[in-house]
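For reference, the structure is listed below as structure tokens.
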Amino acid sequence: MTTKIVIIDDHQLFREGVKRILEFEKSFQVVAEGDDGSEALGLVQENLPDVVIMDINMPQMNGVEATRELIEKYPDTKVIILSIHDDENYVTHALKTGARGYLLKEMDADALIEAVRVVADGGSYLHPKVTHNLVNEYRKLAAGVGGGGGYMPTLEIRRPLHLLTRRECEVLQMLADGKSNRGIGEALFISEKTVKNHVSNILQKMNVNDRTQAVVVAIKNGWVEVR
Numbered sequence: 123m124t125t126k127i128v129i130i131d132d133h134q135l136f137r138e139g140v141k142r143i144l145e146f147e148k149s150f151q152v153v154a155e156g157d158d159g160s161e162a163l164g165l166v167q168e169n170l171p172d173v174v175i176m177d178i179n180m181p182q183m184n185g186v187e188a189t190r191e192l193i194e195k196y197p198d199t200k201v202i203i204l205s206i207h208d209d210e211n212y213v214t215h216a217l218k219t220g221a222r223g224y225l226l227k228e229m230d231a232d233a234l235i236e237a238v239r240v241v242a243d244g245g246s247y248l249h250p251k252v253t254h255n256l257v258n259e260y261r262k263l264a265a266g267v268g269g270g271g272g273y274m275p276t277l278e279i280r281r282p283l284h285l286l287t288r289r290e291c292e293v294l295q296m297l298a299d300g301k302s303n304r305g306i307g308e309a310l311f312i313s314e315k316t317v318k319n320h321v322s323n324i325l326q327k328m329n330v331n332d333r334t335q336a337v338v339v340a341i342k343n344g345w346v347e348v349r
């Protein structure tokens with residue numbers, strides 16, 4: 123099946139680069155482009171895309187406002203936000219509007235393709251660097267950091283060997299470290315395809331939908347270090 127995609131970004135050169143990467147995938151089709159969030163509703167209404175890739179910073183209507191408007195009109199719209207900001211405030215604000223993904227513009231081609239596939243299939247996808255920042259913040263909140271509390275002692279890490287293989291535990295730790303599939307492959311001297319297989323097995327065994335959920339569950343259970 124073909125995944126239909128709309129790209130909305132006010133930088134034409136960047137937009138063309140994103141389009142070129144996506145169209146290398148035979149199952150992807152970029153059906154429309156726009157340069158401002160104000161165009162989003164009309165383009166979605168006209169083209170009924172599976173995924174909308176939306177820049178967060180645009181001159182008339184930014185990506186967050188456009189996403190909110192899209193989700194109100196078309197609740198099943200799957201939006202991936204593009205941003206230069208990795209601050210958790212930007213991320214949580216974007217996700218609260220209903221966006222399914224958040225990618226940094228420093229992404230590589232593999233991350234872009236993977237994000238579109240995951241989101242099109244109903245999952246969510248965060249850039250690995252964003253995931254790492256969010257889980258760090260989550261850990262601080264869960265540990266009661268703030269005010270004058272200070273950091274709590276490091277918890278004993280209990281690897282989930284009852285659930286995952288040793289290699290899968292290593293991959294899970296690297297997901298929590300914010301590594302991409304390529305980064306994990308380079309660290310473990312294995313191919314990206316093998317990494318993807320390990321990640322799929324981890325998600326299935328942990329009964330979660332995406333990498334971010336896997337990391338959050340792992341932190342809750344003390345299965346990974348957040349460093």
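Heads up: the sequence shown runs through residues 123 to 349, numbered per our numbering.
Here a beta-carbon is modelled for each residue, glycine too, at the ideal position from N, C-alpha and C.
Using a Cβ distance threshold of 8 Å, Ile203 and Tyr224 count as a contacting pair.
For Lys200, no beta strand (DSSP E) segment is defined, and its DSSP state is neither H nor E. For Phe136, the secondary structure class from DSSP, reduced to helix, strand or coil, is helix.
Under the DSSP assignment, Thr125 falls in the beta strand (DSSP E) whose first and last residues are Thr125 to Ile130. Taking 8 Å as the cut-off, the beta carbon of His320 is found closer than this to the beta carbon of Val293. Short of 7 Å from the beta carbon of Lys251, and not among the five residues preceding or following it, lie these beta carbons of its own chain, in chain order: Asp208, Leu226 and Gly300. Taking the CA atoms as reference points, Gln182 sits about 7 Å from Ser160. The C-alpha of Arg333 is placed about 10 Å away from the C-alpha of Val339. Excluding five sequence positions before and after Ala242, the CB atoms of its chain that fall closer than 8 Å to its own CB belong to Thr125, Asp172, Val173 and Lys200, given in chain order. Leu217 carries a helical assignment under DSSP once its states are collapsed to helix, strand and coil.
For Gln182, no alpha helix (DSSP H) segment is defined, and its DSSP state is neither H nor E. Under the three-state reduction of DSSP, Gly156 is assigned to strand. Counted as a single uninterrupted DSSP element, the beta strand (DSSP E) harbouring Met176 occupies residues Val173 to Asp177.
Minimum Cα-Cα distance from Gly244 among the listed residues Ile235, Asp232 and Arg222 corresponds to Arg222. CA-CA distance, Pro197 to Tyr212, rounds to 21 Å.
Collapsing the DSSP output to three states places Gly223 in a strand.
Only residues of its own chain outside the window of five on either side were considered, and among them Thr199, Thr219 and Gly220 have a CB closer than 7 Å to the CB of Ile193, listed in chain order. If you compare the alpha carbons of Met123, Gly164, Gly307 and Ala216 with that of Ser149, the shortest gap goes to Met123.
Ranked by how close their Cα comes to the Cα of Asp157, the residues Gln167, Gly164, Asp132 and Val240 have Asp132 in first place.
Per DSSP, Gly307 is one residue of the alpha helix (DSSP H) stretching across Asn303 to Leu310. Our two residues, Lys318 and Asn303, have alpha carbons roughly 7 Å apart in a direct line. Using a Cβ distance threshold of 8 Å, Ile127 and Arg137 do not count as a contacting pair.
A check of alpha carbon separations from Gln295 across Thr253, Asn331, Ser313 and Asn329 identifies Thr253 as the nearest.
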